[in-house]
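In our numbering, the protein residues as written are 1 to 221.
Beta carbons: idealized from backbone N, C-alpha and C, even for Gly.
Computed from a predicted structure; not experimentally measured.
Take a look at the structure below.
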Amino acid sequence: MNEIPMRMALSTAAMLLLALASANAAPSAYEGRGLYVSYCLVCHGTGGKGDGPLAQKMAIEPANLTTTVRSRSDTILKKIITGQGRQTITGRDRHNLLSDAMPKWHEVFSEEQLDSLIAYLRFLTRKQHDLMGDPRVGEQLYQAYCQSCHGEEGDGNGIMTDLLRINPMDHTNPNVTNALSNEQLLDAILNGKGRYMPGWKGILDQKDAEALVSYIRLLSQ
Ligand code: HEC
Ligand code: HEC
Numbered sequence: 001m002n003e004i005p006m007r008m009a010l011s012t013a014a015m016l017l018l019a020l021a022s023a024n025a026a027p028s029a030y031e032g033r034g035l036y037v038s039y040c041l042v043c044h045g046t047g048g049k050g051d052g053p054l055a056q057k058m059a060i061e062p063a064n065l066t067t068t069v070r071s072r073s074d075t076i077l078k079k080i081i082t083g084q085g086r087q088t089i090t091g092r093d094r095h096n097l098l099s100d101a102m103p104k105w106h107e108v109f110s111e112e113q114l115d116s117l118i119a120y121l122r123f124l125t126r127k128q129h130d131l132m133g134d135p136r137v138g139e140q141l142y143q144a145y146c147q148s149c150h151g152e153e154g155d156g157n158g159i160m161t162d163l164l165r166i167n168p169m170d171h172t173n174p175n176v177t178n179a180l181s182n183e184q185l186l187d188a189i190l191n192g193k194g195r196y197m198p199g200w201k202g203i204l205d206q207k208d209a210e211a212l213v214s215y216i217r218l219l220s221q
């Protein structure tokens with residue numbers, strides 16, 4: 001094979017792999033939270049209620065996202081966030097979008113980041129338990145101590161799963177995680193559960209466990 005077709009074949013293979021990788025990556029409320037904290041919290045507030053530190057200084061109140069986002073489709077939310085096509089929003093969806101006080105985030109976020117942001121806005125709308133620790137700390141602990149059984153993505157498909165023939169909890173299923181209170185999750189993490197879920201007391205402290213609980217909540221899709 002001469003060099004150029006070879007290179008083309010290689011780059012096609014690389015593109016295919018990239019496409020596969022991004023097709024697999026589900027929009028993650030965890031990623032979205034990171035973006036939200038950096039770009040949106042100043043106005044919309046920690047919990048999305050429109051009470052961020054900048055809100056007091058603004059003539060127009062930032063929307064309470066925990067009530068407004070529920071009825072909006074992803075397409076409409078993308079228009080609102082990027083500012084691209086906001087003026088084309090009509091009918092019922094038009095309400096409270098008349099001002100430019102909401103910045104236009106055109107070209108700030110990739111399509112994938114927009115999906116993640118929206119996943120986090122939806123999380124804020126339907127969350128049943130408060131986040132209690134820093135999920136960024138939780139993410140690091142999770143990858144260090146939990147993914148061998150619970151899987152890198154938290155879906156219960158870790159390396160050990162087949163090996164041990166065990167069924168670790170699927171942390172991406174909100175029906176499963178929402179059924180447990182923060183206290184129940186903390187207890188399972190620190191003291192263990194059943195035969196194969198180890199207790200981490202002595203290795204992890206209360207604060208570590210709280211960070212893990214927040215991370216687990218954000219894995220729900
Ligand atoms: C400078 C302050 C400010 C920042 C930063 C900001 N917003 Fe807003 N946002 C507003 C204001 C003000 C409104 C209400 C606009 C109006 O009433 O016309 C709004 C409205 C919205 C709405 C519409 C709510 C609805 O459904 O009616 C969404 C969605 C939204 N913002 C998401 C975001 C996201 C996501 C970010 C971060 C990427 C963000 N905002 C950053 C000020 C801000
Ligand atoms: C050796 C494999 C293994 C490791 C490592 C592991 N888990 Fe588990 N985990 C399990 C299994 C198996 C279950 C299901 C237990 C049951 O219901 O019998 C489980 C269940 C859970 C539950 C649900 C408990 C409940 O009350 O139903 C939580 C929460 C949890 N794990 C969190 C974690 C966290 C956080 C880590 C890392 C600090 C971790 N696990 C590490 C195997 C593991």
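Among the options, nearest to residue i - alpha-carbon criterion
i, options, result
"Tyr-30", "Asn-64, Gly-91, Ile-118, Glu-111", "Ile-118"
"Leu-180", "His-129, Pro-168, Gln-206", "His-129"
"Thr-177", "Leu-164, Leu-186, Tyr-142, Ile-216", "Ile-216"
"Lys-201", "Leu-186, Ser-214, Gly-194", "Leu-186"
"Lys-104", "Thr-172, Lys-79, Gln-147, Ala-55", "Lys-79"
"Leu-41", "Leu-124, Thr-82, Gly-83, Ile-89", "Leu-124"
"Tyr-196", "Met-169, Leu-114, Gln-184", "Met-169"
"Pro-198", "Arg-86, Tyr-145, Leu-219", "Tyr-145"
"Gln-184", "Met-160, Ile-166, Ala-209", "Ala-209"
"Asp-134", "Ala-211, His-171, Tyr-120", "Ala-211"
"Asp-155", "Lys-193, Arg-122, Ser-71, Leu-219", "Leu-219"
Assigned exposure category for residue i - 16 Cβ within 10 Å defines buried
i, result
"Lys-57", "exposed"
"Tyr-110", "It should be pointed out that residue 110 corresponds to Ser in this sequence rather than to Tyr. Under this definition Ser-110 is an exposed residue."
"Ala-19", "Unreliable placement is indicated for Ala-19, whose pLDDT of 44 sits below 50; the coordinate value is still reported in the next sentence. It counts as exposed."
Any non-hydrogen atom of ligand 1 closer than 8 Å to residue i Cβ
i, result
"Cys-146", "no"
"His-171", "no"
"His-106", "no"
"Ala-29", "no"
For residue i, three-class secondary structure by DSSP
i, result
"Leu-204", "strand"
"Lys-193", "strand"
"His-44", "helix"
"Pro-135", "helix"
"Asn-175", "helix"
"Asp-187", "helix"
"Val-213", "helix"
"Cys-146", "coil"
"Met-160", "helix"
Cβ-heavy atom distance, residue i to ligand 2, below 8 Å
i, result
"Pro-198", "yes"
"Gln-184", "yes"
"Lys-193", "yes"
"His-150", "yes"
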